[in-house]
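Engineer: The structure that follows is given in the form of structure tokens.
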Amino acid sequence: MADYLWDNIFRKDAKEKELITRLKENFLFELLSNKELSFIEQIVHVRTYRANEVIFRQGEAGVGMYIIKKGNVDIYAAENIPGQENQAETKVTSLTEGDFFGEISLVEAGSRRTATAATSTETELIGFFRPDLIELLERNPNIGAKVVFRLAEVLGRRLAETTDKISLIKQELVRISEKKRRKKDVQQPHSDS
Amino acid sequence: MYNSRTLIRRERYIKSFTVFALLCFFAWTIFAVENMMASVVLALVITYLLNPFVNKLERKGTRRTTSILLLFVVVSLGLSLLVSLFYPILSTQIGDLQAELPKYQIGIVKLISNLEKKAQEIMGGYYSFDIIKGINTLIAESAGALFSNIPDFASKFLTVFILAPFFAFFMLRDGRGVVRQFLRMMPNNLFELALNLNYQINEQMGDFIRARLLEAGIVGFVIWVGLAIIGFPYASILAIFAALTNLIPYVGPFIGAVPAIAIALINKDPSIIIFLVCMTYAIAQIIDIVFIIPMVVAKIVNLHPVFVVVVIIIGSQLMGILGMIISIPVASALKLTFTALYDHLINFRS
């Protein structure tokens, strides 16, 4: 009986340490001290998912982000083609331990999920949601400000990445239209003759 | 794959059932156990009133438990001071009212009897009710009950006033933890919805309770000042009564004005006094409608007036005056829950 009790206490302690370690590894919380992380630990939610379980679906209301504590998550997106029902979802990316997703919902009120997230193995996620962020800012604004700054940095990076991708797509479009024009120019004199 | 899906579905059903059963058990406990409903409602009011101050102290680095204890001490001292200041005035007025109660009983009967006579004159043979007989029995019963029920009321009052702060202390200290434990039991597909709903309902309830109490306080104060200036008897008791009835939307202000007008009529006060009493209540309501409601209340609960009146009637049928007061926040919470559930289950899942 005594062994069983001691065993359980140590296991719980190890679990808490594991959660703090995982939080410290995350970009949002990496600047926080252990004391500050203990506060965050009381606010976040640990959720367990079975393999192939949907975490959220594209178009659903979203209120926060998830950090992968253990396991793997696949992200799927359906192309929004007007007039087409049953649009097939294509796998966009696979995420693994330490990765995080859904952070836009943390700052955008009334946001909708832009993709579907589903587990591919048994997975443990750390959920950090808008109400939790508001609670953090209300109860401990020092920690809240640190987290919000890091969150702004993440969103800034995402914006920069998206801008880069859009410029690449634009360049590619210009290259394709140039190629088409040259092809047309080559065909034009031939047809004139 | 099939196995995994079946397992997920079974787990969701079990978790949903457990959560639903727990909610039913809590609801049953609150309704079935004596004094529990009043204690929980009062504890929630205390919690929503003190929570912003607890958060403020916590932001300054004070531990949450210390902040709550500190606030409880400050509020208790403040209330004791208020009671010691107003007790002499209130006790004199209550004593006077108790002494003059038979006079008012007879006065009310006379007033209604005159009204009945006039109604019979106007309606002739069509009117054949005997209200006076019913009123006499009702007054005799309620006057008897008022004094014979005092020990029972005092014991209930004491129980609620001991239980409510006790509950409020733990709601303020461990409320978030308890909600987190409860959310942990939610199935994964409903977890985000439940978390967001809890946040929204909490925010709305907090804003609603703080706004309504502020509104009632201002209305009560204006009426007290007005009646005191006129030199009307029982100004403090009437102001407290008006402040309390003002918590009931739409019908409350009218109920609050009835005793003052009845007293003025029974005492056969000059018309100018009756006019000034009516004006005092009207000014309080104008201040409420023009300034307080648009600033603090209107933006919080957006329910249609007809819906509000129906909800108040249902509340009064189920739980009397307490039901009338808590019917609006409960209806707002239910509306929010159903809208969110509908959006989640129908709009997004279609």
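Protein chains in written order, with the numbering used here: chain A, 1 to 193; chain B, 1001 to 1350. Each residue gets a CB set at the ideal place from its N, CA and C atoms; glycine is no exception.
(1) Using Cβ-Cβ distances below 8 angstroms, what residues of the region 1029-1046 of chain B are close to chain A?
(2) Sorted by chain position, which residues of the same chain lie with C-beta nearer than 8 angstroms to Ala2 (chain A)'s C-beta, five sequence neighbours on each side aside?
(3) Using the Cβ count rule (16 or more neighbours within 10 Å means buried), how would you classify Gln1098 (chain B)?
(4) In whole angstroms, what is the alpha-carbon distance linking Arg182 (chain A) and Thr21 (chain A)?
(5) By how many angstroms is the C-alpha of Leu1265 (chain B) removed from the C-alpha of Gln1200 (chain B)?
(6) Strictly below 8 angstroms CB to CB, what residues from chain B border Gly62 (chain A)?
(7) When you compare each of A:Leu19, A:Leu37 and A:Glu18 to Lys146 (chain A) by their alpha carbons, which one comes out closest?
(8) Do you know how far the Cα of Glu1011 (chain B) is from the Cα of Met1001 (chain B)?
(9) Along the region 1002-1021 of chain B, where does the CB come closer than 8 angstroms to a CB of chain A? Name the residues.
(10) Using a Cβ-Cβ cut-off of 6 angstroms (strictly less than) and excluding sequence neighbours within five positions of Leu1057 (chain B), which residues of its own chain qualify?
(11) Work out the CA separation of Val186 (chain A) and Glu172 (chain A) for me, nearest whole Å.
(12) Thr123 (chain A) and Val63 (chain A): beta carbons closer than 8 angstroms?
(13) Going residue by residue through the region 12-79 of chain A, where are the continuous beta strand (DSSP E) segments of at least 3 residues, counting only ones entirely within it?
(14) Under three-state DSSP, which class holds Thr121 (chain A)?
(15) In whole angstroms, what separates the C-alpha of Leu19 (chain A) from that of Thr1006 (chain B)?
(16) Hey, quick one: how far does the alpha helix (DSSP H) through Ser111 (chain A) stretch, first residue to last?
(17) By DSSP's criteria, Thr116 (chain A) is part of a beta bridge. Which residues make up the other side?
(18) Could you check if Ala1032 (chain B) is buried or exposed, using at least 16 other CB atoms within 10 Å of its CB as the buried criterion?
(19) So Leu28 (chain A) and Val154 (chain A) are in contact, right, with Cβ under 8 angstroms, and what is the actual spacing, rounded?
(20) What would DSSP say about Leu95 (chain A), mapped onto helix, strand or coil?
(21) I need the DSSP call for Phe1191 (chain B), collapsed to helix, strand or coil.
(22) For Arg50 (chain A) and Phe1208 (chain B), I'd like the C-alpha separation in whole angstroms.
(23) Using beta carbons (cut-off 8 angstroms, strictly below), is Glu1215 (chain B) in contact with chain A?
(24) So, under 8 angstroms CB-CB, Ala1239 (chain B) and Gly1252 (chain B) are touching, yes? Tell me the CB distance rounded to an integer number of Å.
(25) Taking the alpha-carbon of Ile55 (chain A) as reference, which of A:Pro131, A:Ser177 and A:Phe100 has the nearest alpha-carbon?
(26) So which residues of chain A does Arg1059 (chain B) contact, with C-beta pairs closer than 8 angstroms?
(27) Going by DSSP, which residues form a beta bridge with Glu172 (chain A)?
(28) In the structure shown, what three-state DSSP assignment does Thr162 (chain A) receive?
(29) Name the DSSP beta bridge partners of Phe129 (chain A), please?
(30) Inspect the beta-carbon positions of Ala1164 (chain B) and Ala1243 (chain B) and report whether they are closer than 8 angstroms.
(31) Under the three-state reduction of DSSP, which class applies to Thr1062 (chain B): helix, strand or coil?
(32) Taking a cut of 8 angstroms between CB atoms, which residues from the region 107-137 of chain A lie near chain B?
Structural biologist: Let's see:
(1) Contact annotation: in the region 1029-1046 of chain B, no residue has its CB less than 8 angstroms from a CB in chain A.
(2) Counted from its first residue, the first sequence places residue 2 (chain A) at position 2. Low confidence applies here, because Ala2 (chain A) scores a pLDDT of 45, under 50, leaving its location unreliable; read the following figure in that light. Hits under 8 angstroms: none found.
(3) To locate residue 1098 (chain B), count along the second sequence from 1; it is residue 98. Gln1098 (chain B) should be labelled exposed.
(4) The count along the first sequence starts at 1 and reaches residue 182 (chain A) at position 182. The count along the first sequence starts at 1 and reaches residue 21 (chain A) at position 21. Straight-line Cα distance between these residues: approximately 58 angstroms.
(5) Here residue 1200 (chain B) refers to the residue found at position 200 when the second sequence is read from its first residue. Here residue 1265 (chain B) refers to the residue found at position 265 when the second sequence is read from its first residue. Spanning the two alpha carbons is a distance of roughly 47 angstroms.
(6) Taking the first residue of the first sequence as 1, we reach residue 62 (chain A) at position 62. Here the neighbours are Glu1192.
(7) The residue labelled residue 146 (chain A) in the question sits at position 146 within the first sequence. Taking only the C-alpha atoms, the option nearest Lys146 (chain A) is A:Leu37.
(8) To locate residue 1001 (chain B), count along the second sequence from 1; it is residue 1. To locate residue 1011 (chain B), count along the second sequence from 1; it is residue 11. Because the pLDDT of Met1001 (chain B) is 47, which lies under 50, any placement of that residue in the model is unreliable, and the question is left without a value.
(9) Listed in sequence order: Ser1004, Arg1005, Leu1007, Ile1008 and Glu1011.
(10) By 1-based counting over the second sequence, the position of residue 1057 (chain B) is 57. Excluding residues up to 5 positions away in sequence, Ser1067 lie with their Cβ nearer than 6 angstroms to the Cβ of Leu1057 (chain B) in the same chain.
(11) If you number the first sequence from 1, residue 172 (chain A) lands on position 172. If you number the first sequence from 1, residue 186 (chain A) lands on position 186. Glu172 (chain A) and Val186 (chain A): Cα-Cα distance of roughly 21 angstroms.
(12) For the purposes of this step, residue 123 (chain A) is taken as the residue at position 123 of the first sequence. For the purposes of this step, residue 63 (chain A) is taken as the residue at position 63 of the first sequence. Against a cut-off of 8 angstroms, the Cβ pair of Val63 (chain A) and Thr123 (chain A) comes out as no contact.
(13) The region 12-79 of chain A contains these whole beta strand (DSSP E) runs: 45-49, 54-56, 64-70 and 73-78.
(14) Within the first sequence, residue 121 (chain A) is the residue found at index 121, counting from 1. If DSSP states are grouped into helix, strand and coil, Thr121 (chain A) belongs with coil.
(15) Stepping through the first sequence from its first residue, residue 19 (chain A) is reached at position 19. Stepping through the second sequence from its first residue, residue 1006 (chain B) is reached at position 6. The straight-line gap separating the alpha-carbon atoms of Leu19 (chain A) and Thr1006 (chain B) is approximately 30 angstroms.
(16) Here the question's residue 111 (chain A) lines up with position 111 in the first sequence. Boundaries cannot be given for Ser111 (chain A), as no alpha helix (DSSP H) includes it and DSSP labels it neither H nor E.
(17) The residue given as residue 116 (chain A) occupies position 116 in the first sequence. DSSP lists A:Tyr76 as partners of Thr116 (chain A).
(18) For the purposes of this step, residue 1032 (chain B) is identified with residue 32 of the second sequence, where counting begins at 1. Under this definition Ala1032 (chain B) is an exposed residue.
(19) Start at 1 with the first residue of the first sequence, and residue 28 (chain A) comes out as number 28. Start at 1 with the first residue of the first sequence, and residue 154 (chain A) comes out as number 154. Right, their Cβ atoms sit about 7 angstroms apart.
(20) On the first sequence, residue 95 (chain A) is found 95 positions in, with the first residue counted as 1. Leu95 (chain A): strand per DSSP, three-state reduction.
(21) As a position in the second sequence, residue 1191 (chain B) is number 191, starting the count at 1. If DSSP states are grouped into helix, strand and coil, Phe1191 (chain B) belongs with the helices.
(22) The sequence position of residue 50 (chain A) within the first sequence is 50, counting from 1. The sequence position of residue 1208 (chain B) within the second sequence is 208, counting from 1. Going by the C-alpha atoms only, they are around 40 angstroms apart.
(23) On the second sequence, residue 1215 (chain B) is found 215 positions in, with the first residue counted as 1. The beta carbon of Glu1215 (chain B) sits no closer than 8 angstroms to any beta carbon of chain A.
(24) Within the second sequence, the letter at position 239 stands for residue 1239 (chain B). Within the second sequence, the letter at position 252 stands for residue 1252 (chain B). Contact doesn't hold; Cβ gap of about 14 angstroms is too wide.
(25) Taking the first sequence and counting its residues from 1, the one referred to as residue 55 (chain A) is at position 55. Nearest C-alpha to Ile55 (chain A) among A:Pro131, A:Ser177 and A:Phe100: A:Phe100.
(26) What you label residue 1059 (chain B) is simply residue 59 of the second sequence in a count that begins at 1. Those are Glu138, Arg139, Asn140 and Pro141, listed as they occur along chain A.
(27) The count along the first sequence starts at 1 and reaches residue 172 (chain A) at position 172. In the DSSP assignment, no residue is bridged to Glu172 (chain A).
(28) Indexing the first sequence from 1 puts residue 162 (chain A) at position 162. Reduced to three states, the DSSP call for Thr162 (chain A) is helix.
(29) The residue labelled residue 129 (chain A) in the question sits at position 129 within the first sequence. In DSSP, Phe129 (chain A) forms a bridge with A:Gly64.
(30) Along the second sequence, one-based indexing puts residue 1164 (chain B) at 164. Along the second sequence, one-based indexing puts residue 1243 (chain B) at 243. Taking 8 angstroms as the Cβ cut-off, Ala1164 (chain B) and Ala1243 (chain B) do not qualify as a contacting pair.
(31) The residue you call residue 1062 (chain B) lines up with position 62 of the second sequence. In this structure, Thr1062 (chain B) counts as coil in the three-state DSSP scheme.
(32) Shown in chain order are the members of the region 107-137 of chain A whose Cβ falls below 8 angstroms from a Cβ of chain B: Gly127, Phe129, Arg130, Pro131, Ile134 and Glu135.
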